[in-house]
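The opening residue of the sequence shown carries number 0 in the working numbering; numbering runs sequentially from there. We put the beta carbon where it would ideally sit given N, CA and C, even for glycine. Heads up, the thing below is written out as structure tokens.
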Amino acid sequence: MSEKVNELNGVPRTLLLPLRGRADEQAHPHPLFQDPLAVEWLKLLGWDRELDALYPQGSKAFSIVAAIRTYHHDQIASCHIANHSHPVVVELGAGLSSRFHRIGKNAYRWLELDLPVVTELRCKLDTQTQQHQFISSSVLDFDWMDTLPNVAPENILFIAEGLLMYLEVNEVQQLISVMRSRFPGATLDLEVLGLSTKIYNKIFAQIGAPLKWFVKNQEDLTSMGLQVVNAWSMYQLHLERWPWYWKLLLRFLTQFSYFRNAYLIIETKL
Ligand SMILES: C[S@@+](CC[C@H](N)C(=O)[O-])C[C@H]1O[C@@H](n2cnc3c(N)ncnc32)[C@H](O)[C@@H]1O
């Protein structure tokens, strides 16, 4: 199975970063969530040493961010499932997300969309059922939208966790525009990177996954026609998870919008 990791190039390779973050969280004395599958899948696949620059041994920053963002999207999805009659969750750029197994049992349908190389890998690790299905497609080949279950759009939650920053701004604009015309009233839960995050681009470019889309603030989303319902700065969530010196630094830096907007989770309506 570990040879499969070598087939991942470019952006698909980055799926190992959050997978490892979720697996590492299981070693925390008080994990934010239980994810035995992440531990199992990472063990089967092995780690790609070339990603060490982004996930250095000994540095806790990436695993803390991965755990917090996973937990936060879990909460948004759980709330959506609890409040809709036919809740459908569509993870866009799903990677090896194991969210369905953590919190998805009461969803009407749960769909994992990713590029063919990733869906092939998932098929080796995970099992499709009528409730839990995999879509092998680029998010930019809009035919995938025809495969969604026929429910009122308010029932649909799209999660774009760690995806849109790898797309060009015009690709994001076109995707959102088509989704708005096809699923008006659906929820899109997305992550965006701010301008201060551009400093990491060199490292991401070195592993073949350059970051392409950065926003100045939430208005960049409203100007695309999205209605912002909630917005959270990653660096203001679960501060108790950070070592004390990080906590102090983050408290100070996030007073300034340039840093507060460095990494946002935003819940929007299409
Ligand atoms: C950083 S990973 C995030 C994976 C997952 N959402 C998570 O948080 O564990 C980025 C994912 O986006 C996928 N991706 C990149 N471009 C894509 C595209 N055009 N269409 C669908 N998926 C894409 C990659 O294959 C990869 O699995």
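* **Inter-stretch contact at 8 angstroms, needing at least 3 Cβ pairs: the segment 229-247 / the segment 129-146** => The answer is no - the segment 129-146 does not touch the segment 229-247, with fewer than three Cβ pairs under 8 angstroms.
* Asked: Within the present structure, is the beta-carbon of residue 165 separated from the nearest heavy atom of ligand 1 by less than 8 angstroms?
  -> Ligand 1 has a heavy atom closer than 8 angstroms to the beta-carbon of residue 165.
* Asked: Does DSSP classify residue 159 as helix, strand or coil?
  -> Three-state DSSP puts residue 159 in a strand.
* Mark residue 247 as exposed unless 16 or more other C-beta atoms lie within 10 angstroms of its C-beta, in which case mark it buried. => Counting every other CB atom within 10 Å of its CB across the protein chains shown gives residue 247 a total below 16, marking it as exposed.
* Asked: DSSP puts residue 229 in a beta bridge; with which residues?
  -> Beta-bridge partners assigned by DSSP to residue 229: 266.
* Asked: Would DSSP call residue 213 helix, strand or coil?
  -> Residue 213 falls in the strand class under three-state DSSP.
* To do: Check whether the Cβ of residue 35 lies closer than 8 angstroms to any heavy atom of ligand 2, and answer yes or no.
  => The ligand content of the structure shown is limited to ligand 1, which means ligand 2 is not among them.
* Give a single yes or no on whether residue 128 has its beta carbon closer than 8 angstroms to a heavy atom of ligand 1. => Checking every heavy atom of ligand 1 against the Cβ of residue 128, none is found closer than 8 angstroms.
* Cβ-Cβ separation, residue 171 to residue 85 (assumed contact under 8 angstroms), whole Å -> Contact between residue 85 and residue 171 is ruled out by a C-beta separation of about 28 angstroms, above the 8 angstroms threshold.
* From the DSSP output, in three-state form, read off residue 132 for me. => Residue 132: strand per DSSP, three-state reduction.
* Who are the near neighbours of residue 83 in its chain, counting only those whose CB is closer than 6 angstroms to its CB and skipping five residues on each side? -> Correct list, in chain order: 154.
* Once you ignore the five residues that flank residue 207 on each side, which residues in its own chain have a CB closer than 8 angstroms to its CB? -> These residues qualify, in order along the chain: 8, 9, 10, 12.
* Please list, in chain order, all residues of the same chain as residue 35 whose beta carbon is under 8 angstroms from its beta carbon, the five residues on each side excluded. => Once the five neighbours on either side are set aside, the close Cβ partners of residue 35 are 25.
* Boundaries (first-last residue) of the alpha helix (DSSP H) holding residue 20 -> Per DSSP, residue 20 belongs to the alpha helix (DSSP H) from 15-24.
* Asked: Residue range of the alpha helix (DSSP H) that residue 43 falls in?
  -> 35-44 is the extent of the alpha helix (DSSP H) around residue 43.
* To do: Since I believe residue 111 is in contact with residue 134 (beta carbons under 8 angstroms), could you give me their beta-carbon distance rounded to a whole number of angstroms?
  => Correct: roughly 7 angstroms between the Cβ atoms.
* Can you tell me which of the three DSSP states residue 138 falls into? => Coil at residue 138, not helix or strand.
* Could you tell me if the beta carbon of residue 93 falls within a distance shorter than 8 angstroms of some heavy atom in ligand 1? => Flag set: Cβ of residue 93 near ligand 1.
* Helix, strand or coil for residue 109 per DSSP? -> Strand.
* Tell whether a beta-carbon distance below 9 angstroms holds between residue 75 and residue 106. => Not closer than 9 angstroms, so no.
* Asked: So is residue 169 buried or exposed if we call it buried at 16+ other beta carbons inside 10 Å?
  -> Exposed: under 16 other Cβ atoms inside 10 Å.
* Could you check the C-alpha separation between residue 63 and residue 241 for me, to the nearest Å? => Whole-angstrom Cα-Cα distance: 7 angstroms.
* Asked: From residue 307 to residue 259, what distance separates their C-alpha atoms?
  -> Because the chain in this structure spans residues 0 to 269, residue 307 falls outside the shown range and cannot be described.
* Asked: Going straight from the alpha carbon of residue 178 to that of residue 158, what length do you get?
  -> So the two alpha carbons sit approximately 13 angstroms from each other.
* **Cut-off 6 angstroms between Cβ atoms - residues of its own chain near residue 148, not counting five sequence neighbours on either side** => Short of 6 angstroms from the beta carbon of residue 148, and not among the five residues preceding or following it, lie these beta carbons of its own chain, in chain order: 87, 108.
* **residue 193 beta carbon near ligand 1 (any heavy atom closer than 8 angstroms)** => It does not: the Cβ of residue 193 is nowhere closer than 8 angstroms to a heavy atom of ligand 1.
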